[in-house]
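Visitor: Our numbering applies: residue 7 is where the first sequence begins, and numbers increase by one. Quick reminder that beta carbons are idealized off the backbone N, C-alpha and C, glycines included. Let me begin by handing over the structure; questions about it come next.
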Amino acid sequence: MERIAVIDFETTGLSPNSNCRATEIAVVILEQGRIVERYQSLMNAGVRVPAFIEQLTGISNAMLRTAPSAEQVMNEVNEFVGITPLLAHNAAFDQKFWDYELGRIKRTRLQNFACSLLLARRLMPAAPDHKLGTLTTFASLPNTGKAHRAMADAEMAANLTAHLAEELRRKHGLRELSHDLLVSLQKVPAAKINEHLKRYRGF
DNA sequence: TGCCAGGCCCTCTTTAGGGCCTT
């Protein structure tokens, strides 16, 4: 499978539209089913972390006081990612923050996002639910560390994506997996995914 | 003042409602 940049944000809440900002980002580069490069940084956007979020992520206001600015981190991570296609677990969430934080440094996203949540709903229908941690356990993937920290979650999403790619090869006969193919699969109605995959067999 | 995310997906649906997922 081609190179994919798997990203995960920790933030102060659910949407930049509610004045929430990013507090940490991690990106891992997935190549041929393996993580080959990593970027991670806390980021100080000048906002307070609510107590609930500090409890959830372990990222405190004290930790952010000494962190590099959001602008500096976004410049670095944008350089790190380049035009590598992106993926996240529930990409609608990370895409909102990626686009917002990138917009603040006057940059625009050039590539699509794929979503491991939408893919897992189609390819792992027997899982108890489709939370990142549940899928990791269900597929017997490695424990990557503390959940709700950006690098642990990005590694989990990358391992899950590699697992899904292997399932597409093993169970569905797909050979060359591109990011575009993943994006197209996540748009197929869930009830029709098996029928749809038959068309790709041998590709 | 009062609002406070939003797209996906299922179903006892489509003139709608509610759970799932991310922090």
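How would you label GLN38, buried or exposed, when you count the other beta carbons within 10 angstroms and need 16 or more for buried?
Guide: Exposed.
Visitor: Classify GLN38 as helix, strand or coil using the three-state DSSP reduction.
Guide: If DSSP states are grouped into helix, strand and coil, GLN38 belongs with coil.
Visitor: What does the alpha-carbon distance come out to for the pair ILE10 and ARG71?
Guide: If you take the alpha carbons of ILE10 and ARG71, they lie about 32 Å apart.
Visitor: Where does ARG44 sit, in a helix, a strand or coil, going by DSSP?
Guide: Residue state, collapsed to three classes: strand.
Visitor: From ALA51 to ASP135, what distance separates their C-alpha atoms?
Guide: Taking the straight line joining both Cα atoms gives about 33 Å.
Visitor: Put ILE199 into one of helix, strand or coil per three-state DSSP.
Guide: It is helical.
Visitor: Alpha helix (DSSP H) containing GLU161: first to last residue?
Guide: Unbroken alpha helix (DSSP H) run through GLU161: 156–176.
Visitor: In three-state terms, what does DSSP make of THR114?
Guide: Correct three-state label for THR114: coil.
Visitor: Which residue comes first and which comes last in the alpha helix (DSSP H) that contains ILE13?
Guide: Element bounds for ILE13: not the alpha helix (DSSP H) but the beta strand (DSSP E), 10–17.
Visitor: Once DSSP output is grouped into helix, strand and coil, what is the label at ALA94?
Guide: DSSP places ALA94 in strand when its eight states are reduced to three.
Visitor: Please name the residue, chosen from ALA158, GLN46, THR63, THR29, that lies closest to VAL53 on a Cα-to-Cα basis.
Guide: If we check each option's Cα against that of VAL53, THR29 comes out closest.
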